[in-house]
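S.K.: Per the working numbering, the very first residue in the sequence shown carries number 1; after that it's consecutive. Let me begin by handing over the structure; questions about it come next.
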Amino acid sequence: MTSADRPSPSINHNPANACFETTVDGHRAVLEYVLEDGAMVITHTGVPDAIGGRGIAADLTRAALEHARAAGLKVVPACAYAAAFMQRHSEYTALLG
């Protein structure tokens, strides 16, 4: 099954904890951020090895970027994964702050 064929996990935005999160096969994956000066600074993307390789980090990052776009926030990818994702997906370039 390719990543295009697999169902995306349900991503939850948890503003109280400043994160986007999902649980897959009992394992929690998370993208953490801080809000600074009208920007979402993505500080960490973590996916446990047990559920790695399924595109979950990409799903989390995409959800965070879509949220930032809808909220009118710029994005600072302080996490290496988020920075690489934004380089690969030019549709999010305009969000860079």
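Just so it is clear, CB atoms sit at the ideal spot from N, CA and C, and this is done for glycine as well. Just so we're clear, the structure is a prediction, and the values are computed from it rather than from any experiment.
Could you check what DSSP says for Arg-62 in three-state terms: helix, strand or coil?
M.R.: helix
S.K.: If I follow the unbroken beta strand (DSSP E) through Tyr-33, where does it start and stop?
M.R.: 27-36 is the extent of the beta strand (DSSP E) around Tyr-33.
S.K.: Check this for me: beta carbons of Thr-61 and Ala-78, under 8 angstroms apart or not?
M.R.: Cβ atoms of Thr-61 and Ala-78: not closer than 8 angstroms.
S.K.: For the beta strand (DSSP E) that contains Ala-39, what are its first and last residues?
M.R.: 39-46
S.K.: Between Ile-11, Tyr-92, Val-34 and Glu-36, which lies nearest to Val-24 when the distance is taken from Cα to Cα?
M.R.: When only C-alpha atoms are compared, the closest one is Ile-11.
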